[in-house]
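Asker:
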Amino acid sequence: MYLLLSHSTLLALLYGVEFVLSQTAPSTIINVSSLLPDPRTSVVSSHLTSGVAESTTVPATTSGSLFTTSATLTAVPTTTTVPSSSSSAPFPPVGSIPRDYSPAGLSRLWDLIGPVEVPPITTTVIPQTPVTLPSPPPALYPAFFAVTPKDILPDLKFPKGFLFGVASAAYQVEGAVKDEGKGPSIWDWAGHQPGVVTDNSTADVVDLHYYLYKEDVARIAALGVNSHSFSISWARIFPFGASDSPVNQQGINHYADVIATHLQFNVTPVVTLFHWDVPLALNAYYGGFASPNIVDDFIQFVYLVLSSHGCCIIHCLALKHHSRYTFNEPQVFCANVGVFPFNLSLPNGVNSSNAQFHCSYYLLKAHAGAVKVFREMNISGEIAFKSSDYVGMPWRANNTEDVDAVERHAAFGIGVFADPVYTTGDWPQILKDTLSPDYLPRFTEEDSKEILGTADFFAIDAYRTYWNAAPPEGIDACVSNSSDPLWPSCNLEVMFDFNTGWASGPASDPLTSWLQATPQFLRSSFKEYHRRWPAPRIYYSEFGFAQPFEGVRTPAELFQITEDTDRTNYYMTYLGELLLSIQEDGMPVEGAFAWAIMDNAEWNSGLSARFGIQYVNYSSPTLQRTYKRSAFALSDFFQTHLQKEVAI
Ligand code: NOJ
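Its first residue numbered 263, the sequence shown is counted upward by one per residue in this note's numbering.
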């Protein structure tokens with residue numbers, strides 16, 4: 263999320279006073295200039311992790327650098343312009359809307375959002391001509407500085423069967439939010455709340471992938487990549503979310519055809535069952551993931567998708583060797599449950615400050631229950647959830663507090679979900695030592711047994727790595743003070759080298775100031791993931807880059823938009839390191855997915871932060887897609903590092 267700073271806020275930052283950003287959440291920027299060896303950088307980011315993050319840049323300060331926090335909750339903008347389409351009606355008290363599963367009941371839920379934009383196309387488009395690749399961009403010049411994809415470690419190959427693909431998520435690309443029986447999701451609603459999406463765009467139409475998926479799959483296939491990781495919208499299957507509510511057959515038919523289309527084009531579908539778009543009804547009925555009721559509703563949704571009712575979907579899911587995910591980045595999702603506007607729908611007993619950990623508890627139970635159903639149904643293929651975040655490095659190498667900060671970050675970032683599932687059946691000890699049971703519900707013995715072992719592989723969305731430092735006041739002082747802005751994770755994320763002051767890598771767009779290109783840490787990061795959360799296989803489930811300032815360019819500047827060299831460099835350097843990680847370090851990585859298939863709705867940053875390897879012209883009535891340089895580079899890289907079957 264791009265944080266719009268008020269004047270006084272900006273001054274506070276410029277003059278280096280200690281400052282709490284958030285009105286509702288302890289997401290903080292701290293001035294720790296005394297620790298700074300070389301005050302050359304001034305980038306600030308209240309990064310949580312990839313995805314829903316707030317960030318901004320400020321001009322250079324004379325008082326030193328400002329660090330990112332590893333706060334576990336995110337901040338809300340301090341100033342904003344109210345979008346004309348937004349409804350500002352307060353969310354009704356949780357439980358006050360009756361469970362009326364009739365069309366009138368559905369309308370009532372949509373009324374919480376107000377009018378939504380009608381898409382320019384309202385039926386599935388069947389492309390009339392096959393997609394052919396346009397002429398590729400010229401190689402970057404000169405070759406001694408920028409090698410072509412095929413010259414990068416040409417002798418190293420991906421293992422046989424490697425999934426090399428692109429990624430997307432339903433809310434971010436589908437559009438057609440109110441069509442064909444779909445119910446509203448919490449993000450459909452949030453996108454219409456004033457101040458939530460900083461450029462005031464909604465995802466009502468966005469890429470209209472819902473109707474244009476046939477062309478989109480053909481465009482993936484034309485690139486020669488072999489996989490697409492996408493999510494299913496729960497509210498298209500169950501418009502009211504609840505397991506006792508009606509199923510929307512149109513939703514089932516839709517995804518069945520989406521999957522059939524992938525198979526027709528030889529593009530392996532990798533399905534995520536939940537990518538943050540909770541049916542809004544469930545937040546209205548009982549508070550969504552902050553309530554224990556979510557567990558059964560999620561399990562039943564998964565059962566429906568896997569069962570004979572969703573028979574066409576199972577047809578694909580049952581294919582051998584297919585991986586699939588229950589949850590996308592649960593840590594980022596749960597960190598936002600207590601944050602505006604989602605904190606308007608918390609059940610009794612849960613508040614903005616403990617909502618994240620209640621969500622973590624119920625989400626893990628929902629994950630475990632879904633995996634149990636999956637296994638009991640004897641479906642071949644594999645299942646896990648997608649982790650996010652990173653294992654950092656101590657900022658000051660020999661500083662024991664910074665070493666502890668790394669452990670705290672790893673525990674609150676990946677460990678919170680990965681420890682219970684992969685190694686212990688329990689929360690990381692650091693969390694239990696910091697958070698009382700009213701914050702972090704404890705697992706019963708039975709919970710632990712059910713959760714441990716519920717992943718067949720390890721999947722990680724790893725966009726970058728940071729250094730971690732202890733808070734200036736010290737870890738102990740922070741841990742014992744729940745008003746400390748860094749509590750409870752009590753560590754800082756640092757984006758530049760302690761010894762030299764240089765950045766850890768090139769910056770992305772100012773709207774995603776949490777993101778730098780840090781390929782130099784990829785190999786050590788993968789070793790850490792594998793050492794801490796061992797699994798027979800690893801999927802690199804998302805990585806990607808927002809080319810600086812792409813979002814401010816007009817369609818007339820298409821020739822500049824497609825020349826996305828920073829994104830191209832990001833992908834080429836990361837993929838080269840990934841090959842080394844597989845071939846030299848022996849990491850069992852079996853797939854890699856570039857985020858994203860095309861420009862899309864980047865949550866709180868809306869359409870302004872662009873991650874696509876394809877440009878989408880949002881002013882064109884057909885929402886025309888154009889490949890960027892990075893798409894060609896990915897295609898070339900895959901083709902030349904693919905392990906060819908040897909004919910006997
Ligand atoms: C990861 C999330 O899964 C995705 O939804 C988001 O758009 C990207 N990171 C980029 O922030």
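Using N, Cα and C, we set each Cβ at its ideal position, and we do this for glycine too.
Computed from a predicted model, the values in this text were never measured in an experiment.
#1: Decide if Gly611 is buried, meaning its Cβ has at least 16 other Cβ atoms within 10 Å, or exposed.
#2: Using the beta-carbon count (16 or more within 10 Å), is Ser491 buried or exposed?
#3: Are the beta-carbon atoms belonging to Val459 and Tyr565 less than 8 angstroms from one another?
#4: Could you tell me if Lys890 is buried or exposed, where buried requires 16 or more neighbouring beta carbons within 10 angstroms of its beta carbon?
#5: For Leu773 and Ala871, which I take to be in contact (beta-carbon distance under 8 angstroms), what is that distance rounded to the nearest angstrom?
#6: Is Phe492 near the ligand PLP, judged by its Cβ being under 7 angstroms from some heavy atom?
#7: At what residue ranges does the stretch 514-563 contain a whole run of the beta strand (DSSP E), taking only runs of 3 or more?
#8: For Pro446, I'd like the list of residues in its chain whose CB is within less than 6 angstroms of its CB, leaving aside the five on either flank, ordered along the chain.
#9: Hey, how far is the Cα of Asp539 from the Cα of Pro392?
#10: To which residues of the same chain is His629 closer than 7 angstroms at the C-beta, ignoring the five residues directly before and after it?
#11: Does the pairing of the stretch 397-415 with the stretch 813-821 give three or more beta-carbon distances under 8 angstroms?
#12: Within a Cβ cutoff of 7 angstroms, which residues of the same chain sit near Thr888, ignoring the five residues on either side of it in sequence?
#13: Would you please state the rounded distance, in angstroms, between the beta carbons of Lys444 and Ser493? I believe it to be under 8 angstroms.
#14: I want to know whether the stretch 794-805 touches the stretch 377-392 - three or more CB-CB distances under 8 angstroms.
#15: Which residues in the same chain have their Cβ closer than 6 angstroms to the Cβ of Phe560, if we skip the five residues on either side of it in sequence?
#16: Which residue from Ala765, Tyr728 and Gly763 puts its Cα closest to that of Asn753?
#17: Whole beta strand (DSSP E) runs in the stretch 774-833 with 3 or more residues, listed along the chain?
#18: In the DSSP assignment, what residue or residues form a beta bridge with Leu425?
#19: CA-CA distance, Tyr473 and Pro354?
#20: Mind checking Ser348: buried by the 16 CB within 10 Å criterion, or exposed?
#21: Alpha carbon to alpha carbon, what distance is there between Gly874 and Tyr475?
#22: Could you spell out where the alpha helix (DSSP H) holding Ala207 opens and where it closes?
#23: Measuring only the C-alpha atoms, how far is Tyr684 from Gln593?
#24: Less than 7 angstroms separating the Cβ of Ala779 from some heavy atom of the ligand NOJ?
#25: Would you mind giving the Cβ-Cβ distance between Arg785 and Leu842, rounded to the nearest angstrom? I have them listed as a contact below 8 angstroms.
#26: Given 8 angstroms as the limit, is there contact between the stretch 667-682 and the stretch 785-796, that is, 3 or more CB pairs closer than that?
#27: Run through DSSP, which three-state label would His903 get?
#28: DSSP three-state call for Tyr836: helix, strand or coil?
#29: Would you mind stating whether Ala765 and Arg658 have Cβ atoms separated by less than 8 angstroms?
Answerer: Put simply:
#1: exposed
#2: buried
#3: no
#4: buried
#5: 4 angstroms
#6: Among the ligands modelled here, namely the ligand NOJ, the ligand PLP does not occur.
#7: 530-536
#8: Leu371, Trp372, Ile375 and Leu542
#9: 33 angstroms
#10: Thr588, Phe589, Phe647 and Thr716
#11: no
#12: Excluding positions up to five away in sequence, the list reads Leu820, Thr824, Gln876 and Tyr877.
#13: About 14 angstroms; that fails the 8 angstroms criterion.
#14: Under the Cβ criterion (8 angstroms, minimum of three pairs), the stretch 794-805 does not count as touching the stretch 377-392.
#15: Only Ala628 meet the Cβ criterion.
#16: Tyr728 is the residue among Ala765, Tyr728 and Gly763 whose C-alpha sits nearest the C-alpha of Asn753.
#17: 800-805
#18: Gly853
#19: 33 angstroms
#20: At Ser348 the pLDDT is 48, less than 50, meaning the model places this residue with poor confidence; the figure from the coordinates comes in the next sentence. When all chains shown are included, Ser348 counts as buried.
#21: 16 angstroms
#22: Because the chain in this structure spans residues 263 to 910, residue 207 falls outside the shown range and cannot be described.
#23: One C-alpha to the other measures close to 16 angstroms.
#24: no
#25: At roughly 6 angstroms, the Cβ-Cβ gap stays under 8 angstroms, so Arg785 and Leu842 are in contact.
#26: yes
#27: helix
#28: Helix.
#29: no
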